[in-house]
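Accompanying notes for the structure given below.
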Amino acid sequence: MSSGLALALALVVLALALGVAAARPRYLPVSAVVGGGLLVAVGAVGLSRAGDTLRGLAPTVGFLAALLLIAEGCRREGLFEAIGAVMARGSHGSAQRLLALVFMVAVGVTALLGLDATIVLLTPVVFATAARIRTSSRPPVYACAHLANSASLLLPVSNLTNLLAFHDSGLSFARFGALMALPTIGVVGVEWVVLRRFFASDLRRPRKRGGELARPTIPRFALAVLALTLVGFALSSLLGIAPVWVAAAGAAAITVPALRPRTTSAVALARAVEPGFLLFVLGLGVIVAAASDNGLASAVRDVLPRGASLPDLLAIAALSALLANLVNNVPATLLLIPVALASGPGAVLAMLIGVNVGPNLTYVGSLATLLWRRVLRAQDTDIELGEFTRLGLLTVPATLVTATVLLWLSLQV
Numbered sequence: 029m030s031s032g033l034a035l036a037l038a039l040v041v042l043a044l045a046l047g048v049a050a051a052r053p054r055y056l057p058v059s060a061v062v063g064g065g066l067l068v069a070v071g072a073v074g075l076s077r078a079g080d081t082l083r084g085l086a087p088t089v090g091f092l093a094a095l096l097l098i099a100e101g102c103r104r105e106g107l108f109e110a111i112g113a114v115m116a117r118g119s120h121g122s123a124q125r126l127l128a129l130v131f132m133v134a135v136g137v138t139a140l141l142g143l144d145a146t147i148v149l150l151t152p153v154v155f156a157t158a159a160r161i162r163t164s165s166r167p168p169v170y171a172c173a174h175l176a177n178s179a180s181l182l183l184p185v186s187n188l189t190n191l192l193a194f195h196d197s198g199l200s201f202a203r204f205g206a207l208m209a210l211p212t213i214g215v216v217g218v219e220w221v222v223l224r225r226f227f228a229s230d231l232r233r234p235r236k237r238g239g240e241l242a243r244p245t246i247p248r249f250a251l252a253v254l255a256l257t258l259v260g261f262a263l264s265s266l267l268g269i270a271p272v273w274v275a276a277a278g279a280a281a282i283t284v285p286a287l288r289p290r291t292t293s294a295v296a297l298a299r300a301v302e303p304g305f306l307l308f309v310l311g312l313g314v315i316v317a318a319a320s321d322n323g324l325a326s327a328v329r330d331v332l333p334r335g336a337s338l339p340d341l342l343a344i345a346a347l348s349a350l351l352a353n354l355v356n357n358v359p360a361t362l363l364l365i366p367v368a369l370a371s372g373p374g375a376v377l378a379m380l381i382g383v384n385v386g387p388n389l390t391y392v393g394s395l396a397t398l399l400w401r402r403v404l405r406a407q408d409t410d411i412e413l414g415e416f417t418r419l420g421l422l423t424v425p426a427t428l429v430t431a432t433v434l435l436w437l438s439l440q441v
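Numbered according to the working numbering, the sequence shown spans residues 29 to 441.
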């Protein structure tokens, strides 16, 4: 098969897999696994190359599975229920206070447990909290979606895209977080300013007075496991331990005690690790490898700047955001990592700014955004494409520039 035909077929398979992800999420793993298998069968990607790709992704997928178990353990221990109660009490019926609390909580949950936890576990809690204090859910629910992407810049564990890049970046866990701290603060600041103005009418609604809310019970065990796991991540590079083992230890610590009194089951744990999503990521890896080997990597290499100057980093972030919105951020990351690595860790982090923040512009830019729409529909609501896009146009360019400039300043230190 010629390279041109193989590239065209790989791109068609990628488009179909992403289309299925958007329209029929239950067939998510089938679309990517069958697509990857087809490309191997017709010779668009070699069997050995596909195997190498799967072996390379296996540690990242294992890391993600461990993080999902930790998030599920936190839910089981009542952490998100307690968060909802704290937000309800702290808001005092004020929509603006609730939005501020959601910002703080969403940033913390995204950074520590990953953006999927913010989408799947926090967003329904925010819906319930808004209903509890009888205020509009639109501002805080949109904040969950935007911050799931934007606040995922901070740590390697905050986003699958970060995990994919972290292993090859040469950065320690602590160094990654230190370099991305200022960009994350800048992005969250921009999101706060824009969302407050965009939803000004919702936030000005009169405060509702309700009955006294019960004091929440804080799940100390879950918080202790989270804290110790985070410390383990920070020390992993110094101790020469791969972060995946720290994540596995945290997952075991919060899961094993629940098995003894049978407060959970093997089936529930299997569902918590989202095997369909993990298979989808592995299938995407093979599809992207086929596209990359047959000319797409060369095209990206020709376009992406080589260097770490501020103009270079701005261009890398912008092009990465564009590619994420065209082909989704996970395939874009897989394509961009080898090219960005040639220019050093600064270029890799600029690429992550693009693929993490950029997807706030379109539905298809991030798997998390597609998942967010499913959560909304489960709450018998949906969003308008025009409203989502307008908000994205107001936030994405400003957050891209702000984060990249702050990254460049961090790199100078």
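Every residue gets a Cβ at the ideal spot worked out from N, C-alpha and C, and that includes glycine. Only a predicted model underlies this, so the values are computations on that prediction, with no experimental measurement involved.
Item: Looking only at its chain, what residues have a beta carbon closer than 6 Å to the beta carbon of L404, apart from the 5 residues adjacent to it on each side?; Value: D410
Item: From what residue to what residue does the alpha helix (DSSP H) around P463 run?; Value: Shown here, the chain extends from 29 to 441; a query on residue 463 therefore has no answer.
Item: I believe V383 touches A352 by the beta-carbon criterion, under 8 Å. Please report the beta-carbon distance rounded to the nearest angstrom.; Value: 4 Å
Item: Would you kindly work out how many angstroms separate the C-alpha atoms of A86 and P425, rounded to a whole number?; Value: 34 Å
Item: Got a sec? Which residues, its chain only, sit under 6 Å from G214 by beta carbon, not counting five neighbours each side?; Value: T430, A431, L434
Item: Under a three-way DSSP split, which group does N187 fall into?; Value: coil
Item: Just checking, does the stretch 272-283 make contact with the stretch 87-96 on the three C-beta pairs under 8 Å criterion?; Value: yes
Item: At what residue ranges does the stretch 45-105 contain a whole run of the beta strand (DSSP E), taking only runs of 3 or more?; Value: none
Item: On the three-state DSSP scale, how would you describe L182?; Value: coil
Item: Kindly indicate which residue of I365, G323, A255, D408 has the alpha-carbon position closest to the one of L37.; Value: G323
Item: Let's test the definition: count the other Cβ atoms within 10 Å of the Cβ of M132 and tell me whether it reaches 16, buried, or not, exposed.; Value: exposed
Item: Would you mind giving the Cβ-Cβ distance between L312 and A78, rounded to the nearest angstrom? I have them listed as a contact below 8 Å.; Value: Between A78 and L312 the Cβ distance is about 12 Å, and since that is not below 8 Å, they are no contact.
Item: Distance, Cα to Cα, L96 vs P387?; Value: 22 Å
Item: Measure the Cβ-Cβ separation of V295 and L422 and say whether it is below 8 Å.; Value: no
Item: Classify E100: buried if its beta carbon has 16 or more other beta carbons within 10 angstroms, exposed otherwise.; Value: buried
Item: Can you tell me where the alpha helix (DSSP H) with L256 in it begins and where it stops?; Value: 248-267
Item: Cutting at 7 Å between CB atoms, please list the residues of its own chain near F249, excluding the five before and the five after it.; Value: E105
Item: Considering only the alpha carbon of each residue, which of L129, N177, A72 lies closest to L398?; Value: N177
Item: Taking the alpha carbon of G393 as the reference point, which residue from T361, A370, E415 has its own alpha carbon closest?; Value: T361
Item: Looking at L35 and A319, is the spacing between their C-beta atoms short of 8 Å?; Value: yes
Item: So, helix, strand or coil for R232, using DSSP?; Value: coil
Item: Would you mind sorting T291 into buried or exposed? The rule is 16 or more other CB atoms within 10 Å of its CB.; Value: exposed
Item: With a threshold of 7 Å on Cβ separation, who are the neighbours of I381 within its own chain once the five nearest residues in sequence on each side are excluded?; Value: L181, P211, A345, L428, A431, T432, L435
Item: Counting Cβ pairs closer than 8 Å, one from the stretch 368-381 and one from the stretch 146-153, do we hit at least three?; Value: no
Item: Any idea what DSSP makes of M132, helix, strand or coil?; Value: helix
Item: Based on Cα-Cα distance, which residue from L267, D321, N356 lies nearest to L67?; Value: D321
Item: What is the DSSP secondary structure of G393, counted as helix, strand or coil?; Value: helix
Item: Within 10 angstroms of its Cβ, does R232 collect 16 or more other Cβ (buried), or is it exposed?; Value: exposed
Item: Can you tell me which of the three DSSP states A431 falls into?; Value: helix
Item: Ordered along the chain, which non-local residues of its own chain (more than five positions away) have a Cβ less than 8 Å from that of L256?; Value: G278, A281
Item: Output needed for V358: all residues of its chain with C-beta closer than 7 Å, excluding positions within five of it in sequence on either side, in chain order.; Value: L188, T189, V309, L312, L395
Item: Could you check how far apart the C-beta atoms of D196 and I365 are, in whole angstroms? I think they sit under 8 Å.; Value: 6 Å
Item: How many angstroms separate the CA atom of V441 from the CA atom of L207?; Value: 9 Å
Item: Shortest alpha-carbon distance to T138 belongs to which of A94, L183, L127, R117?; Value: L183
Item: Please confirm whether P53 and Q407 have their CB atoms less than 8 Å apart.; Value: no
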